[in-house]
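In terms of the working numbering, the sequence shown opens at residue 2 and continues consecutively.
Presented below is the structure to which this report refers.
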Amino acid sequence: MDLALKDKVAIVTGSGRGIGAAIASTLAEEGARVCVNDLFEERAQETAGEITSAGGQAIVAPADVTNREQVDAMVQSALDEWGTVDILVNNAGIPARLGEDSGRSQVGGGGFFTDEPEALWSRVMDVITYGVLNCSQACLPHMLKQEYGKIVSIISDAGRVGEPRLATYSMAKGGVVAFSKALAKENGRFKINVNCVSPGATVTPALADSPVAGGGADPASKERFQSLLRQYPIGRGLERIGQPQDIANVVAFLVSDRAEWITGQVLSVNGGYSMV
Ligand SMILES: NC(=O)c1ccc[n+]([C@@H]2O[C@H](COP(=O)([O-])OP(=O)(O)OC[C@H]3O[C@@H](n4cnc5c(N)ncnc54)[C@H](O)[C@@H]3O)[C@@H](O)[C@H]2O)c1
């Protein structure tokens with residue numbers, strides 16, 4: 002199926018690694034011109050380098066999505082290079098259980114809500130909700146001007162069904178769902194589609210140390226992985242957990258005109274973990 006993404010201009014936030022990197026590369030493979038954003042410039046360079054080595058088109062736009070000035074500069078980079086923005090993928094996020102590689106200092110998380118420090122709330126809300134607000138508001142005027150645009154935000158099944166020990170993260174991701182539906186209603190008349198993709202556990206560097214990665218040959222690690230797999234109906238058949246490419250394939254479809262009749266929706270890509 003030709004997704005007809007040739008020369009569409011896409012901004013993918015947090016695409017220096019993990020799910021975002023797979024989305025950026027997949028859109029580029031489909032012919033899109035991709036603005037690779039990340040908090041860490043070297044990560045963005047790496048993804049952009051892979052895209053251009055494969056014959057695709059990419060520029061690097063490092064920015065912290067929580068910082069509106071930096072977000073505006075990121076959008077301006079795409080405009081300077083290609084004159085427009087057709088697609089925004091809000092992917093930048095912090096690992097559900099914050100660690101030192103979240104681009105922030107270790108602030109805890111992964112515990113019960115009663116033990117969560119307020120500092121965690123603001124970090125999570127900042128990146129997950131303000132990141133989406135900043136990037137969406139910075140891109141929308143350009144989409145409105147051309148009466149065409151696609152916005153996809155990567156949420157999490159935690160935001161659909163709630164996840165114990167991830168209360169704040171669940172709240173933030175659920176907020177992005179409601180925001181996306183409101184935006185879809187406001188902007189449908191301008192041919193702007195707004196949707197969410199909701200991964201279940203997906204093997205990325207953010208989860209490198211968790212049982213999700215399936216690492217560890219010892220019996221205890223294997224048992225942990227098998228018990229995780231039991232929560233993913235199709236994962237049991239395929240004997241695997243989600244991969245970034247699983248998410249990227251769906252995003253590529255949703256940002257294409259093949260999906261032009263789909264807006265305000267949330268699609269879980271989760272091996273059947275939750276069936277909402
Ligand atoms: N991996 C999973 O199991 C999983 C499951 C559900 C949802 N998600 C969501 O998918 C998205 C990607 O997750 P991932 O596992 O690929 O994470 P990751 O940590 O591997 O990659 C995220 C990237 O975002 C960047 N980033 C972080 N904060 C940023 C900021 N303020 N501005 C710009 N870039 C920033 C990081 O530097 C990193 O390169 C996130 O929104 C996450 O919540 C992941």
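Where a beta carbon is used, it is the ideal one built from N, C-alpha and C, also for glycine.
Determine, using beta carbons only, whether residue i and residue j come nearer to each other than 8 Å.
i	j	result
residue 47	residue 63	no
residue 243	residue 272	yes
residue 213	residue 252	no
residue 203	residue 248	yes
Only counting the same chain, and skipping five residues up and downstream in sequence, which positions put a Cβ closer than 8 Å to that of residue i?
i	result
residue 18	39, 44, 47, 48, 205, 206
residue 186	265
residue 140	12, 76, 86, 89, 150, 152
residue 275	158, 161, 162, 201, 269
residue 255	151, 153, 194, 196, 198, 263, 268
By DSSP's criteria, residue i is part of a beta bridge. Which residues make up the other side?
i	result
residue 197	154, 267
residue 38	DSSP output for residue 38 lists no bridge partner at all.
residue 58	34
residue 129	Looking at the DSSP assignment, residue 129 forms no beta bridge with any residue, so it has no partner.
residue 20	Paired residue(s): none; residue 20 is not in a bridge.
Measuring alpha carbon to alpha carbon, tell me which residue in the options is nearest residue i.
i	options	result
residue 169	127, 186, 185	127
residue 112	165, 84, 138	165
residue 57	67, 87, 26	26
residue 92	262, 245, 77	245
residue 79	221, 237, 8	8
residue 6	233, 211, 262, 30	30
residue 211	23, 71, 96, 82	96
residue 147	259, 191, 117, 82	191
Given residue i, which residues of its chain have a CB within under 6 Å of its CB, disregarding the five upstream and five downstream residues?
i	result
residue 32	6, 7
Please confirm if residue i has its CB atom under 8 Å from at least one CB of chain C.
i	result
residue 186	The question asks about chain C, but that chain is absent: this structure has only one protein chain.
So, at 7 Å on beta carbons, what are the nonlocal neighbours of residue i in its own chain, with the 5 sequence-adjacent residues on each side left out?
i	result
residue 72	64, 66, 135, 136, 139
(request) Check whether the segment 149 to 159 touches the segment 171 to 181, taking contact to mean three or more Cβ pairs, one atom from each stretch, closer than 8 Å. (result) yes
(message) Using a Cβ distance threshold of 8 Å, determine whether the segment 183 to 199 contacts the segment 114 to 134, with at least three qualifying pairs required.
(response) no
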